[in-house]
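For reference, the structure is listed below as structure tokens.
In my numbering, the protein residues as written are 859 to 1101.
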């Protein structure tokens, strides 16, 4: 069954920065998605299982913990990023071209990017919910969104997590500890989104291409640049008495 377009708004809300009402949004999403895609609904149920049971709102402590986990997943010492152009292209000029095209389509469709760049995944999903151009929507999903989601989900695998941890530890000298059961919690809305897109756009089996850029490699280059800039900014220490 093809997913109704408003469903993408529901998926986008699961990938937004959490507020106190996040468990309620997850419960509603689970009920809606279950009518259209059992595999996607199972992923959302797995997300719900990692949240406090029996309530649609979080108290202050629970919210702080969930927001910290979200930030740890997508921002600080991140597993991946929601900027799908960065996932695919790193800082290559191709990402810049993608941002220009997406920005134009967002304005035409009346999608507000807020403070995010136009390749932010929740914003992309809101574009898909409103886009009238079915051909362009299919092209975007097949060529950009689906490959990015496949790579993002691969970053939650144990081997990739170990590579990232070594990289972060090398540059920051310490790691933010996250329980193993929590590290993959926010992979579940990504998995649900991929399942919906597979069905809706009748996507075939995925075969990962040989690529020049991936998240860990792009991250490594970025951290090296940060280290070089920090070294250059350090003031010179004068030894001896000045005249």
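Backbone N, C-alpha and C define an ideal beta-carbon position, used for all residues, glycine too.
Item, Value
"Buried or exposed: which applies to residue 846, given that a residue is buried once 16 or more other Cβ atoms fall within 10 Å of its Cβ?", "This structure does not reach residue 846, given that the chain is present from 859 up to 1101, and the question cannot be answered."
"Pull up the DSSP beta-bridge partners for residue 978, would you.", "941"
"Alpha carbon to alpha carbon, how far is residue 914 from residue 882? Give it in angstroms, no decimals.", "4 Å"
"For residue 928 and residue 1044, what's the separation of their Cα atoms in angstroms?", "7 Å"
"Give the DSSP-derived three-state secondary structure of residue 1099 in the structure shown.", "The predicted model places residue 1099 with a pLDDT of 41, which falls under 50 and marks its position as unreliable; any figure quoted below should be read in that light. The answer is coil: DSSP assigns residue 1099 none of H, G, I, E or B."
"If you drop the 5 nearest sequence neighbours on each side, which residues of the same chain put their C-beta closer than 7 Å to that of residue 1010?", "938, 945 and 1048"
"Kindly indicate the opening and closing residues of the alpha helix (DSSP H) around residue 888.", "880-892"
"Check each candidate in 1058, 997 and 1065 and name the one with the smallest Cα separation from residue 897.", "1058"
"Taking C-beta to C-beta, are residue 884 and residue 869 nearer than 8 Å?", "no"
"The alpha helix (DSSP H) spanning residue 1054 covers which residue range?", "1045-1058"
"Judging by CA-CA distance, which residue of 976, 1042 and 1046 is the nearest neighbour of residue 1016?", "1042"
"Quick check: what's the CA-CA separation for residue 1025 versus residue 942?", "21 Å"
"Just curious, the alpha helix (DSSP H) that residue 958 is in, first and last residue?", "951-967"
"The alpha helix (DSSP H) that contains residue 922, what's its start and end?", "918-932"
"If you compare alpha carbons, which of 949, 947 and 994 is closest to residue 808?", "In the structure displayed, the chain extends from 859 to 1101; residue 808 sits before or after that span and is not available."
"Can you list, in chain order, the residues of its chain with a C-beta nearer than 8 Å to that of residue 984? Leave out the 5 residues immediately preceding and following it.", "866, 867, 870 and 969"
"Just how far apart, CA to CA, sit residue 904 and residue 1046?", "7 Å"
"Does residue 947 come out as helix, strand or coil in the three-state DSSP assignment?", "helix"
"Quick one: grab the DSSP three-state call for residue 866.", "helix"
"Note down the Cα distance separating residue 906 from residue 916, rounded to an integer number of angstroms.", "13 Å"
"Using the Cβ count rule (16 or more neighbours within 10 Å means buried), how would you classify residue 978?", "buried"
"Report back the beta-carbon spacing between residue 1000 and residue 957 to the nearest angstrom; my notes put them in contact at under 8 Å.", "At roughly 19 Å, the Cβ-Cβ gap does not stay under 8 Å, so residue 1000 and residue 957 are not in contact."
"Per DSSP, what kind of secondary structure is residue 1001 in: helix, strand or coil?", "helix"
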